[in-house]
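The sequence shown: position 64 = 59 (the numbering used here), numbered continuously. Cβ coordinates follow ideal geometry from the N, Cα and C atoms, glycine included. This one's a predicted model, so the numbers in the text were calculated from it and none came from an experiment.
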Amino acid sequence: MFLGTEFCGHCGAKSVKAEIFTDENVGKCPRCNIDLHAVKINATQIRECTRCGGFWSGIEKFEDLCASKEQQSAVLSFIGKRIEEVRPSPVSYVPCPDCRELMNRSNFAKTSGVIIDLCKKHGVWFDAEELPKIIDFINSGGMARAREKERVAIEEERKALRDEQRRQNVQDQRSGINNSWETDVESPLTKFVNLFFG
């Protein structure tokens, strides 16, 4: 692409504007323990490790990225072929670049098969190969499938609870148990308590 052009003259892809900016609170890479570099890719701000190729994103920034195909495309263009050169990271718990607490490992959207490292307070760590896989998962309709699977699971759970409640009601009726503590008829126990303590 020529400097200053907005789109590639060959393929028509929108040009990706990536710039490193200064940020005193970049933190350390959870894998390599070196300073991360703050990078702005079009509208997306992330932090990158130049050694292992991993990325750190704040929670809100990651939600914005998940919602914007334009930002996803820009990030994928920025990452490019670099991930082919990086070997997969070993499976281990890693510290948050911001607070240094160990992060939780979680399957993104419960069905993607991509295990991310998550600090609930600060953000998400992606090993080099994970962010492109997540973007591919989103673009292939994975989020819609995950939401539908969750909706079905919730509906099945509600049905199971209703069935259990019905079963319990039938069992209570058969055994003569009344779920109400207040009745019009005084029970023998109530008469006994009132007689001696009332």
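Check: For residue 40, which option in 46, 21 and 27 has the closest C-alpha, if you only look at C-alpha atoms?
Finding: Taking only the C-alpha atoms, the option nearest residue 40 is 21.
Next item on the list: For the alpha helix (DSSP H) holding residue 68, just list the boundary residues, first then last.
Entry: Segment 64 to 74, the alpha helix (DSSP H) holding residue 68.
Margin query: Here's the rule I'm using: 16 or more other beta-carbon atoms within 10 Å means buried, otherwise exposed. How should residue 94 be labelled?
Written below: In the assembly as shown, residue 94 is an exposed residue. Its beta-carbon has fewer than 16 other beta-carbons within 10 Å.
Next item on the list: Give the straight-line distance between the Cα atoms of residue 177 and residue 171, rounded to the nearest whole angstrom.
Entry: Since pLDDT at residue 177 reaches only 49, below the 50 mark, its modelled position is unreliable, and no value is offered.
Notebook entry, point to check: Which runs of the beta strand (DSSP E), 3 residues or longer, sit entirely within the stretch 29 to 61?
Noted result: Entirely contained in the stretch 29 to 61, the beta strand (DSSP E) runs reaching 3 residues are, in chain order, 32 to 36, 39 to 43 and 50 to 53.
Notebook entry, point to check: Under the rule that 16 or more other beta-carbon atoms within 10 Å means buried, what is residue 162, buried or exposed?
Noted result: Result: exposed.
Next item on the list: Going by DSSP, name the residue or residues bridged to residue 101.
Entry: According to DSSP, which records beta bridges pairwise, residue 101 is partnered with 111.
Note to self: Taking only three categories from DSSP, how would you classify residue 137?
What the structure shows: Helix.
Next item on the list: Tell me, please, which residues DSSP counts as bridged to residue 90.
Entry: Bridge partners of residue 90: 97.
Check: Taking the Cβ atom as the reference point for each residue, do residue 127 and residue 74 lie within a distance shorter than 7 Å?
Finding: Yes, Cβ-Cβ distance for residue 127 and residue 74 is below 7 Å.
Item checked: Straight-line Cα distance separating residue 109 from residue 118 -> About 16 Å.
Notebook entry, point to check: Counting along the chain, where does the beta strand (DSSP E) carrying residue 118 start and finish?
Noted result: For residue 118, the uninterrupted beta strand (DSSP E) run begins and ends at 118 to 121, by DSSP.
Item checked: Residues bridged to residue 23 [DSSP beta-bridge criterion] -> As DSSP reads the structure, residue 23 sits in a beta bridge with 30.
Next item on the list: Would you mind giving the Cβ-Cβ distance between residue 37 and residue 66, rounded to the nearest angstrom? I have them listed as a contact below 8 Å.
Entry: Cβ-Cβ separation between residue 37 and residue 66: approximately 6 Å, consistent with a contact (criterion under 8 Å).
Item checked: Between the CA atoms of residue 85 and residue 123 - distance to the nearest angstrom -> C-alpha separation (whole angstroms): 12 Å.
Notebook entry, point to check: Given residue 103, which residues of its chain have a CB within under 6 Å of its CB, disregarding the five upstream and five downstream residues?
Noted result: Around residue 103: 109, 111 and 129.
Next item on the list: Ignore the nearest five residues each way along the sequence and tell me which others in residue 150's own chain have a CB closer than 6 Å to its CB.
Entry: Cβ contact annotation for residue 150 (same chain, cutoff 6 Å, sequence separation greater than five): none.
Item checked: DSSP state of residue 106 mapped onto helix, strand, coil -> Collapsing the DSSP output to three states places residue 106 in coil.
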